[in-house]
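S.K.: Everything in the sequence shown is counted per the UniProt record's numbering, starting at 1 for the first residue and increasing by one. Sharing a structure below in C-alpha cells format, with a few things to ask.
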Amino acid sequence: MEIELKKKNILRKIPNDPILIIEDKKENCILLESLCDELSVKHEVAPNGAEALKQIENKKYSIFILDLMMPVMDGGSFLVKLKEIYPNAIVLVQTAIDSNEKIIEIMKLGVFDYILKPIYPEIFLKILQKALNYYFLKNMEENLAEIENQKLRNQLEWLTYKETIRKSDSESFEKNSIHSLKTSLSQGSGIGSMISLLDMIDSVKIQEGNFYKVDKEILDLLLTNNRVTKNMLLGLEKLLNLIDQNFEFNTTSTKEILEKLKTFPKT
1 MEIELKKKNI
11 LRKIPNDPIL
21 IIEDKKENCI
31 LLESLCDELS
41 VKHEVAPNGA
51 EALKQIENKK
61 YSIFILDLMM
71 PVMDGGSFLV
81 KLKEIYPNAI
91 VLVQTAIDSN
101 EKIIEIMKLG
111 VFDYILKPIY
121 PEIFLKILQK
131 ALNYYFLKNM
141 EENLAEIENQ
151 KLRNQLEWLT
161 YKETIRKSDS
171 ESFEKNSIHS
181 LKTSLSQGSG
191 IGSMISLLDM
201 IDSVKIQEGN
211 FYKVDKEILD
221 LLLTNNRVTK
231 NMLLGLEKLL
241 NLIDQNFEFN
251 TTSTKEILEK
261 LKTFPKT
C-alpha cells in the first residue's frame, strides 16, 4: 500500500528521459529495474562506466544510479567525467560502505544522494522519489527562466520597433510593421512562453478517462500568459486604429503651446 501511495505521488513527475542504471552485477540490475518499473519510469542499463560514457554521447538521461565498485571504469572515475560533461547531472550512488567519512567523500563528488547496499525497496523508492521531484522542479525552473528571457526579448524587439518608427518618415512602413507584429502574435510565432508552457503541460499531464489532469501552477501560468497576450493584441489593435485616422494639422506658435500647457493639471 505504501509503495502504491508513493507511485501515485510521483506519477505526474515522471521524466521523458530515461534513468541510466550503471551496475555490473546482474542481480542488482534486476532489482533496480523492477523498482523503476513499479513507478513506470523508463530506464536503461550500462555494465560499467566506460559503456555509460558511450551511451550518454547519443542520449539524454534524467537521473544516474551509479555503483561505485565496477570493472573497466569504476563509479568514481565515471562520476568525475560525467560532471565534466553535465555539471548539474543528478546522480544517486550505491555503496556498501556506511562510514561517515566515506559518505562525506561521496557527497563532495557532487552526488544528489546515496543508497546503502543491500538495497531496501522502501528506502530506494523514497530516495528516487526525492530525486525525481528535484528533476521536475529543476526543469520547471529552467523553463520559467526561458519564459522570462523570451519576455525580455519581446520587450527589446518592441523598443527596437518603436525606435524604428520614430526615425521613419513612411506611414506605410509603420502600418505594415504593426500589421506584421500583430499577425506574428496572433499566430504564436515568437511567443516562446506560450509554447514552453504548453510543452510542459503535455509532458506532465495525466489522463483520467476523457479528461487530462495537469499541474495547477503550470496552468495558472498559462492563463496569466494568455491574458498578457490578449492585452498586447488589444494594444496593437488600438495603435492601428490611431494610425488609420486622418489627423488635421494646424500651425501654431511656441507661445501658444506654452500657454496651453499651463492649463493642464500638475502631477
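Here a beta-carbon is modelled for each residue, glycine too, at the ideal position from N, C-alpha and C.
#1: Beta carbon of residue 66, beta carbon of residue 75: below 7 Å?
#2: Looking at C-beta atoms only, is the number of pairs between the stretch 85–92 and the stretch 107–125 that lie closer than 8 Å three or more?
#3: Around the Cβ of residue 249, are there at least 16 other Cβ atoms within 10 angstroms (buried) or fewer (exposed)?
#4: Among 223, 197, 49 and 121, which has the Cα closest to the Cα of residue 37?
#5: For residue 96, count the other beta carbons within 10 Å of its own beta carbon; 16 or more makes it buried, fewer makes it exposed. Which is it?
#6: Kindly provide the ranges of any beta strand (DSSP E) runs that are 3 or more residues long and lie completely inside the UniProt domain "Response regulatory" (18–132), ordered along the chain.
#7: Return the residue from the list 142, 203 and 151 that minimises the CA-CA distance to residue 215.
#8: Return the first residue and the last residue of the alpha helix (DSSP H) that residue 259 is part of.
#9: Do you know offhand how far residue 251's Cα is from residue 261's?
#10: Which residues in the same chain have their Cβ closer than 6 Å to the Cβ of residue 4, if we skip the five residues on either side of it in sequence?
#11: Do you know offhand how far residue 104's Cα is from residue 213's?
#12: With a threshold of 6 Å (Cβ to nearest heavy atom), would residue 116 be considered close to the ligand MN?
#13: Which parts of the stretch 189–230 are runs of the beta strand (DSSP E), unbroken and 3 residues or longer, counting only runs that do not cross its ends?
#14: In angstroms with no decimal places, state the Cα-to-Cα distance between residue 241 and residue 235.
#15: In angstroms with no decimal places, state the Cα-to-Cα distance between residue 253 and residue 263.
#16: Can you tell me whether residue 46 is buried or exposed, with buried defined as 16 or more other CB within 10 angstroms of its CB?
#17: Just to confirm before moving on: does the CB-CB distance between residue 70 and residue 48 stay below 7 Å?
#18: To the nearest angstrom, how far is the alpha carbon of residue 83 from that of residue 156?
#19: With DSSP run on the structure shown, which of helix, strand or coil describes residue 136?
#20: Looking only at C-alpha atoms, which of 62, 27, 26 and 51 sits nearest to residue 43?
#21: Can you give me the Cβ contacts of residue 170 inside the same chain, cut-off strictly under 8 Å, excluding the 5 residues immediately before and after it?
M.R.: Once the coordinates are examined:
#1: yes
#2: yes
#3: exposed
#4: 121
#5: exposed
#6: 19–22, 43–46, 63–67, 90–95 and 113–116
#7: 203
#8: 254–262
#9: 16 Å
#10: Unreliable positioning characterises residue 4 in this predicted model, as indicated by a pLDDT of 47, which lies under 50. A coordinate reading is not provided.
#11: 41 Å
#12: This structure lacks the ligand MN; in fact it carries no ligand of any kind.
#13: 206–208 and 211–213
#14: 10 Å
#15: 16 Å
#16: buried
#17: yes
#18: 35 Å
#19: helix
#20: 62
#21: Note that residue 170 has pLDDT 48, beneath the 50 cutoff, so the model's placement of it is unreliable and the number below is only indicative. So no residue of the chain qualifies.
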